[in-house]
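Before any comments, here is the structure.
There are 2 protein chains.
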Amino acid sequence: MAQESRKPSCLVIGAGGVGVITTYSLFNAGLSEVSLVVRSDYEHVTKHGYSIDSCDYGTIANWRPHGVFKTAEDASTSGHFFDYVVVTVKNIPDGPKSGAVHEIVRPVVESNHQLDASRITCIVLIQNGLDIEKELLEHFDQHSYNLVLLSGVQLIGSTKNGPGNVVQKGQDRLSVGPFDATDLTATECAKKFVKLYSNEGHNIVEIESDVKHSRWRKLLYNAVVNPTTALAQLDATRCLKFSKDKTSTENCIWRPGMYEIIAIAASEGVIIDPKEMDFFLDFTRRILYKPSMCIDYEKGQLMELEVILGNPLKVANRNGVPAPTLTILYHLMTILQGKIKESKGLLHFDEEKMDTTSDLE
Amino acid sequence: MAQESRKPSCLVIGAGGVGVITTYSLFNAGLSEVSLVVRSDYEHVTKHGYSIDSCDYGTIANWRPHGVFKTAEDASTSGHFFDYVVVTVKNIPDGPKSGAVHEIVRPVVESNHQLDASRITCIVLIQNGLDIEKELLEHFDQHSYNLVLLSGVQLIGSTKNGPGNVVQKGQDRLSVGPFDATDLTATECAKKFVKLYSNEGHNIVEIESDVKHSRWRKLLYNAVVNPTTALAQLDATRCLKFSKDKTSTENCIWRPGMYEIIAIAASEGVIIDPKEMDFFLDFTRRILYKPSMCIDYEKGQLMELEVILGNPLKVANRNGVPAPTLTILYHLMTILQGKIKESKGLLHFDEEKMDTTSDLE
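If you read the sequences in order, they're chains A and B.
The opening residue of the first sequence carries number 1 in the UniProt record's numbering; numbering runs sequentially from there.
The opening residue of the second sequence carries number 1 in the UniProt record's numbering; numbering runs sequentially from there.
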C-alpha cells in the first residue's frame, strides 16, 4: 500500500530539444518524480537550470527537474528505482557501441533489478523507426528483468540552442503504446504513462493501440522523403518541385518507395491505406520542411538510417518483398553515413592502401 | 588546286582546360590555322597569351593561337571559313538556351554556308554523353549546310587555374570518329582531323571506327559512378568502400546500373562485353578520382546530366528496357540539378506559393 501511494519515478535519458520538453511535460503534470540524464550541459544545468521558450508552456527560467544526473551510471548508483526509463536519444545501431540503446539503459535496468526484482521497469522508447524494441529484447531477458517496452511516437518541433537553452516551436503530440499489443501489463503501463505525461490544454498525448501500424505508417514518409532530402540537402518541397515536369520526384521516387513500404508492411500483416501516401505528399506540398536525416547530415551527425530504412529492408528480404527504390536509397545513404563516420573519426580511409578500417567493427 | 594547298582552318569553341590544350595540340602540330573563342579571358589572352604547364608539351609562356575571338559571332564575321569547328564546351541541353550546342555553333555554320556553300563544315564534338549529335541534326539540315559530324572522346586531366593559365596533368588521349559509321565522307574527315591533331610522342590520337560502341561503353562508368559521387559528394573509391561489407555500392548500385546500360545498348544493337564493367570497377579501386559531375556539383555548375543519364533513359523507354537503378539515380540527380539552377537564378522557388518558375522554359 505504501508503494501505491508513492509517486512513480521517471528517468529521461537524452537531454536534447526533445528530451528536455519531454522531461518538463512529466514534471509539470506533477504526478511523478522526474530525473534527467544531462551529459554535455551538466555543469550549466546544475548551476543555472534550463531556460525554455515553449509554445506549449510559455517562457520558463532556471528550471530544474527533481533529479539531474551526468550519466545513466550515476543514476544507477543513486539508490533510486526508476519505474519509467524514457529514452529520447537518437537510435543509431551502426554508431559507436556506447550509444546503442541497450548499452544506454543497461546500468539503470541492472540497478532496478538489484533494488527490486519484483517491480516492473518500463522502458519508453520515444524514437523513430522500426523494430527498435527487438535490439533491447536481444540483450535483456524480458521476464527475468521484469521489463515492459513501450513505443513513443512523437511530433514536436523542439531544438536545443546552446547550453541549457531549449526552444519548442511545434506542439508536443505523443502517441504511447505497447510494442506487443497482446501484452496486457504493457497496455496498463502505457495508460499510466499517458496520465503522467498529460498536460491538458498544453500537450496532446494519447494511447496508441496499434504501434506496428503507426510505425509502418510513419515510414511512408521517413523511409522515402527523409533520405531524398538528405541526398539533395534540400527541403522536401523543393525536392518535390525540382523534378521533371515537377512530378518525377513524386512519381518516380516517392510513390514507388511508399508502395514498397506498403508491400513490406503487408507482408507482416500490417495494412496501410494507400490514401495515407496522399496525406504525406500533401504535407510536403504545403509545409516547407527539412526532415531530421537532412538536418543530421548537414550538421555532420550520424543519421537514424538503420532503424528507418535498414530494418524495413531486412523485413523485405526476409519476406521476399521486392523493394528496388528503397534498396538504392538505402545504399546511397550508407555512403553518406560512411562520410559522417569518417568525419567523426569512426571510420578511416587509407589513401595509400585505398581501403577503410573501422573503429566500429 | 589553290584550295588544296592552303592549310585547313580550325575554330575551337570553349576555352576551358580541355579547349586550350586541344587548341595547342592543333597549333603545335603545325598543319592547320587554329583560332580559339575565348569568352571570359579575352582581354588577358590577347594581351599576355596563355601560360601552360603541360605533361604533354612542357612549360609554355605567352602563347597565342593564330586567331582569338571573343565570341563565335565575332569569328563568324571575320571573313574566315572554318573547316573544323571543334566544340569543347560542356553539353547541357537543360541549361540556358544560349549555351545549347546548336546555338553555339550557329553563327559559324551560317557564315561558312554563306562564304562557300559547297565546302564541308566539319563539327567535332569533344563532349561526353549519348545522342549529342542528334540535337544538331534537329536544328540544321545536314545536306544543305554540307555538315559532317565527328565524335571526339577525350581523356585528359586539364584544368584552367585563373585567367590564361592552364595546367594539364594527364596525357591527352583523343578518339575521333564519325557519328554515322556509314558516312564515308565523315570517315575521311575524321582521318584528316587525326593527322591535324597528332603530336607524336606527346599526345595520343586515334580513329574510332565504332563511336556508338565507345560512347555506350563510357556510359558504364559515367551514367552510374558519376551520379553516385555527385550525390555523396565523395570520390569514387570512398563511395565504393563506404558501403555495407564494402560491397553494396558495387553490387547494389553500380553493377545493376551498369547491367542496365548494357541492356539498353543491346536494344540499340550495341554489344558491350560485361568484362568492361570490371575494367571500370578496378579503376575505382585503384585510382582516387572525383568524376566531373561531382566536381561540377561542388562548384555549383550545371552537370551534363541529360546527355549522360537522360538520353540513355530515353532510349530505354523507347525500346522498353527496364532501368530502375538508372531511373532513380536520374531523378535524384534532377533534384541536384534543380538546386544548381536555383543558385544560378535559372529557377525560382516561391516560398509563399510553394512552387517554382523557370527562366528556362
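Think of the CB as a built atom: it goes at the ideal place given N, C-alpha and C, for glycine as much as any other residue.
Considering only the alpha carbon of each residue, which of B:Val148, B:Leu184, B:Val18 and B:Lys134 lies closest to Val315 (chain B)?
Indexing the second sequence from 1 puts residue 315 (chain B) at position 315. Considering only alpha carbons, the answer is B:Lys134.
Hey, could you find the ends of the alpha helix (DSSP H) Tyr57 (chain B) is sitting in?
Here residue 57 (chain B) corresponds to residue number 57 of the second sequence, with the count starting at 1. Taken as a continuous stretch (DSSP letters only), Tyr57 (chain B) belongs to no alpha helix (DSSP H), as it is neither H nor E.
Rounded straight-line distance, which links the Cα of Tyr84 (chain B) to that of Ala2 (chain B):
The residue given as residue 2 (chain B) occupies position 2 in the second sequence. The residue given as residue 84 (chain B) occupies position 84 in the second sequence. Reliability fails at Ala2 (chain B), whose pLDDT of 43 lies under 50, so the model's placement of it is uncertain and no value is given.
Since Glu351 (chain A) meets chain B, which of its residues come closer than 8 Å, beta carbon to beta carbon?
If you number the first sequence from 1, residue 351 (chain A) lands on position 351. In chain order: Leu288.
Against chain A, which members of the segment 294 to 305 of chain B pass a CB distance test of less than 8 Å?
none
Out of A:Ile295, A:His213, A:Val194 and A:Leu184, which has the shortest C-alpha to C-alpha gap to Ala236 (chain A)?
Numbered from its first residue, the first sequence carries residue 236 (chain A) at position 236. Of A:Ile295, A:His213, A:Val194 and A:Leu184, the residue nearest in Cα terms is A:Ile295.
Does the distance from the CB of Ser54 (chain A) to the CB of Asn165 (chain A) come in under 7 Å?
For the purposes of this step, residue 54 (chain A) is taken as residue 54 along the first sequence, with counting starting at 1. For the purposes of this step, residue 165 (chain A) is taken as residue 165 along the first sequence, with counting starting at 1. For Ser54 (chain A) and Asn165 (chain A), no; Cβs fall outside 7 Å.
Provide the residue span of the alpha helix (DSSP H) that contains Glu73 (chain B), from first to last.
Mapped onto the second sequence, residue 73 (chain B) falls at position 73. First-last of the alpha helix (DSSP H) with Glu73 (chain B): Ala72 to Ser76.
Closer than 9 Å by beta-carbon distance: list the chain A residues that pair up with residue 366 (chain B), in chain order.
Residue coverage of chain B in this structure runs from 1 to 361, which leaves residue 366 (chain B) outside it and unanswerable.
Taking just the CA atoms, how far does Val89 (chain A) sit from Gly99 (chain A)?
Residue mapping note: residue 99 (chain A) aligns to position 99 of the first sequence, counting from 1. Residue mapping note: residue 89 (chain A) aligns to position 89 of the first sequence, counting from 1. Each residue's Cα considered, the two are about 9 Å apart.
Can you tell which of A:Arg255, A:Val18 and A:Ser111 has the C-alpha that lies nearest to the C-alpha of Lys169 (chain A)?
Locating residue 169 (chain A) in the first sequence gives position 169, counting from the first residue. Of the listed residues, the one whose Cα sits closest to Lys169 (chain A) is A:Val18.
Measure the beta-carbon distance from Gly257 (chain B) to Ala223 (chain B) and round it to whole angstroms, keeping in mind my assumption that it falls under 8 Å.
Mapped onto the second sequence, residue 257 (chain B) falls at position 257. Mapped onto the second sequence, residue 223 (chain B) falls at position 223. Sure, about 7 Å apart at Cβ, within 8 Å.
Close beta carbons around Ser158 (chain A), own chain, < 6 Å, minus the five adjacent residues each side
Looking up residue 158 (chain A) in the first sequence gives position 158. Taken in chain order, the residues that qualify are Gly17, Val18, Ile21 and Gln168.
Using only alpha-carbon positions, find the residue among A:Leu219, A:Tyr289, A:Phe242 and A:Leu281 that is nearest to Gly310 (chain A).
In the first sequence, residue 310 (chain A) corresponds to position 310, counting from 1. Per the Cα distances, A:Leu219.
Report the rounded CA-to-CA distance for Leu234 (chain B) versus Trp216 (chain A), giving the unit in angstroms.
Residue mapping note: residue 234 (chain B) aligns to position 234 of the second sequence, counting from 1. Residue mapping note: residue 216 (chain A) aligns to position 216 of the first sequence, counting from 1. The straight-line gap from Cα to Cα measures roughly 32 Å.
CB contact check: Pro312 (chain A) to chain B, cutoff 7 Å:
Numbered from its first residue, the first sequence carries residue 312 (chain A) at position 312. So, not an interface residue.
Simplified DSSP state of Val176 (chain A), which is helix, strand or coil:
Your numbering for residue 176 (chain A) matches position 176 in the first sequence. If DSSP states are grouped into helix, strand and coil, Val176 (chain A) belongs with the strands.
What does DSSP give as the partner residues of Thr247 (chain B) in its beta bridges?
Start at 1 with the first residue of the second sequence, and residue 247 (chain B) comes out as number 247. Thr247 (chain B) pairs with nothing; no bridge assigned.
Short Cβ contact (7 Å threshold) for Leu332 (chain A) with Lys341 (chain A):
Numbered from 1 along the first sequence, position 332 holds the residue referred to as residue 332 (chain A). Numbered from 1 along the first sequence, position 341 holds the residue referred to as residue 341 (chain A). No, they are not a contact pair.
His48 (chain A) - containing alpha helix (DSSP H), residue span
In the first sequence, residue 48 (chain A) corresponds to position 48, counting from 1. Looking at the DSSP string, the run of the alpha helix (DSSP H) that includes His48 (chain A) is Tyr42 to His48.
With respect to the alpha helix (DSSP H) encompassing Ser158 (chain A), which residues constitute its N-terminal and C-terminal limits?
Here residue 158 (chain A) refers to the residue found at position 158 of the first sequence. That residue, Ser158 (chain A), is in no alpha helix (DSSP H); its beta strand (DSSP E) goes Leu147 to Lys160.
With 16 as the cutoff for other CB atoms within 10 Å, does Ala230 (chain A) come out buried or exposed?
As a working note, residue 230 (chain A) is residue 230 in the first sequence. With 16 or more other Cβ atoms within 10 Å, it is buried.
Could you say which of B:Lys353, B:Met354, B:Leu329 and B:Asp359 lies nearest to Ser343 (chain B) if we only look at CA atoms?
Position 343 of the second sequence, counting from 1, holds the residue named residue 343 (chain B). Answer by Cα proximity: B:Asp359.
Applying the criterion that 16 or more other CB atoms from any shown protein chain within 10 Å of the CB defines a buried residue, is Leu155 (chain B) buried or exposed?
Here residue 155 (chain B) refers to the residue found at position 155 of the second sequence. Leu155 (chain B) is exposed by the Cβ-count criterion.
Are the beta-carbon atoms of Leu147 (chain A) and Val124 (chain A) separated by less than 7 Å?
Locating residue 147 (chain A) in the first sequence gives position 147, counting from the first residue. Locating residue 124 (chain A) in the first sequence gives position 124, counting from the first residue. Contact: no.
Range of the contiguous alpha helix (DSSP H) that encloses His102 (chain B):
In the second sequence, residue 102 (chain B) corresponds to position 102, counting from 1. Its alpha helix (DSSP H) spans residues Val101 to Leu115.
Does Ile207 (chain A) pass the burial test, meaning 16 or more other C-beta atoms within 10 Å, or should it be called exposed?
On the first sequence, residue 207 (chain A) is found 207 positions in, with the first residue counted as 1. Classification of Ile207 (chain A): exposed, given that the 10 Å Cβ count is below 16.
Give a yes or no on contact between the segment 68 to 78 of chain A and the segment 95 to 115 of chain A, applying the rule of three or more CB pairs nearer than 8 Å.
yes
So, is the C-beta of Pro322 (chain A) closer than 7 Å to a C-beta in chain B?
Here residue 322 (chain A) refers to the residue found at position 322 when the first sequence is read from its first residue. Cβ-Cβ to chain B under 7 Å: no for Pro322 (chain A).
Given a limit of 7 Å on CB to CB distance, which residues of the segment 250 to 265 of chain A reach chain B?
Cys252 and Ile253
Does DSSP classify His348 (chain B) as helix, strand or coil?
Position 348 of the second sequence, counting from 1, holds the residue named residue 348 (chain B). Correct three-state label for His348 (chain B): strand.
For Ser175 (chain B), is the classification buried or exposed, using 16 other Cβ atoms within 10 angstroms of its Cβ as the cut-off for buried?
Taking the second sequence and counting its residues from 1, the one referred to as residue 175 (chain B) is at position 175. Ser175 (chain B) should be labelled buried.
Residues of chain A with a CB under 8 Å from the CB of Leu219 (chain B): which are they?
In the second sequence, counting from the first residue as 1, residue 219 (chain B) sits at position 219. Going along chain A, no residue has its Cβ under 8 Å from Leu219 (chain B), so there is no contact; the nearest lies around 18 Å.
Interface partners of Phe279 (chain A) on chain B, CB under 8 Å:
Here residue 279 (chain A) refers to the residue found at position 279 of the first sequence. The premise fails here: Phe279 (chain A) is roughly 17 Å from chain B at the closest Cβ pair, so nothing lies under 8 Å.
Among the candidates A:Arg6, A:Pro8, A:Ala181 and A:Gly30, whose CA atom is the shortest distance from the CA of Asn199 (chain A)?
Within the first sequence, numbered from 1, the residue matching residue 199 (chain A) stands at position 199. When each option's Cα is compared against that of Asn199 (chain A), the closest is A:Gly30.
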